[in-house]
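Position one of the sequence shown corresponds to residue 227 (my numbering), numbered consecutively onward.
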Amino acid sequence: MSSLPVVAIIGRPNVGKSTLFNRLVGKKLALVDDRPGVTRDRREGAATLVGLDFRVIDTAGYEDKDAASLPGRMRAQTEAAVAQADVALFLFDSRAGIVPLDEEIARWLRGSTTPVILVANKAEGKAGADGILESLSLGFGDPVELSAEHGEGLVELFDALLPFIEPEKDAAGDDIPNADVDEEYAPDAPLKLAIIGRPNAGKSTLINRILGEDRLITGPEAGITRDSIAVDWIWHDPEREPGEDARKVRLIDTAGMRKRANVQDKLEKLSVADALHAIDFAEVVVLLLDATRGLESQDLRIADAALQEGRALIVAINKWDVAENASSLFNGIRTALEDGLSQIKGMPVLTVSAATGKGLDTLLKVAFDTRDAWSRRVGTGELNRWFERAVEANPPPAPGGKRIKLRYLTQAKTRPPGFVLFGTRVDQLPTSYQRYLINGIRRDLGFGAVPVRLTLRAPKNPFDR
């Protein structure tokens, strides 16, 4: 969806690819750890280097393993990233020197049509001098010397990249702006849709089916996904007219979240934290359940985390094509959700199959409709006409014989919708009555099953002091 030039970072495991990626995007997006093989899927981000804008791809460490193995599937993702890139940064560890795997990667890159820039990482000080000298044998000329961790050598990297991704010029000779920035909400803005759930629920497989390509690594192993991966895509809505059917989507794959007591490994903790951060970034969150395992308490915890962040939530039951006793399973899950997430009534519960593609168009349509409700704003006049009817139909109680006077209601924010209720003695308003108002707002004003926040405000009493 972006017209920015693409730069892929490749190299063997643990040479600092994710560190350089984070340095270029200016954020700690990619997980970084001392152990090799942390990155598995390819991750993209908007990068700026001395005023040069481009998209950068962080890839898994290139390993010469069987294609059917997990490292082999990771290598296929790296090869796909290089194929789509305008230029590749071949990163090696100057302190460790050139190893046989570096030479294997170099042979593969020489057969590629993508231009290659050799980059010597960890080149601060003199410890990498011998490795830099050895790298000349790879056949890519003098390497760019830098330190991704300390930010040294970035100007030299800019000079090396400039011939391949120099900004286009318009007719007047000015740079065409191409910064990749988030847009203000509009109905045609990209839908930020995060897929969350327990390990092995089929999140990556679902996104691959939506995209129609093997964009994310999948397999029988639990916990393959570590980073939260965002992929831009265009959905052609079959219910819209041709020419108006293209709808932008940013799909976000996340790591599976196990019970906190079972998460001991540092890297898994980082992956779960990254998944929770992805929930913050999303507009609509899909909680993916495994039809062969049903609903577990951990699913409710994950759903509650999304609702606490104010995200619009959809529940999708995956592997429906192999579900047994489908009708009773569906009713049981819906009932358990109503009981376990009583703060949200009428949450969408859909059935899908990542294996066959069943239900995916319905899922996307419901996601767009849910975002519209999550972003809805009600005029103050319409809101207070509803509010007067609601209070008249069910007046607030009078605790201790003292009347609670509710004056008016206003919508303070959207995404998620937030309302402020003004009145006297509102600090004594029972939770049950607040729930009555919130449920009425959802039901009568078009908000559906999205989180609604209600804040109580009382006018200041000048005689309090």
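Ideal placement from N, C-alpha and C gives every residue a C-beta, glycine not left out. Bear in mind the structure is a predicted one, so any value in this text is a computation, not a measurement.
For A684, the CB contacts under 8 Å within the same chain, skipping 5 residues up- and downstream, are F648, G649, T650, R651, V652 and D653 in chain order.
C-alpha of A412 to C-alpha of K474: approximately 11 Å in a straight line. Straight across, the Cα-Cα distance linking R269 with V233 is about 12 Å. DSSP places R629 in no beta strand (DSSP E); its state is neither H nor E. In the DSSP secondary-structure assignment, T577 is bridged to I543. Bridge partners of D414 according to DSSP: none are assigned. When secondary structure is reduced to three states using DSSP, F613 falls in the helix class. Fully enclosed alpha helix (DSSP H) runs of no fewer than 4 residues occupy 492 to 507 and 523 to 534 of the stretch 456 to 544, in order along the chain. When DSSP reads this structure, V345 sits in a beta bridge with L317 and V370. Taking one beta carbon from each stretch, the stretch 580 to 593 and the stretch 532 to 551 have 3 or more pairs nearer than 8 Å; the two touch.
DSSP, read as helix, strand or coil, puts D279 in strand. Distance from T606 to T636 at the Cβ level is roughly 6 Å; contact confirmed, criterion being Cβ atoms closer than 8 Å.
Straight-line spacing of the CA atoms in M573 and A532 works out to 13 Å.
Under DSSP, G271 takes part in a beta bridge, and its partners are V282.
Rounded to the nearest angstrom, the gap between the Cα atoms of F384 and A508 is 32 Å. About 6 Å separates the beta carbon of L372 from that of V345, a gap short enough to meet the 8 Å contact definition. By the criterion of a C-beta distance shorter than 7 Å, V604 is surrounded in its chain by Q637 and L671, once the five residues flanking it on both sides are discounted. By the criterion of at least three beta-carbon pairs nearer than 8 Å, the stretch 275 to 291 is not in contact with the stretch 467 to 483. In the displayed model, K639 falls within a strand according to three-state DSSP.
At the C-beta level, V578 and I543 come within 9 Å of one another. G520 has its alpha-carbon roughly 11 Å from the corresponding atom of S554.
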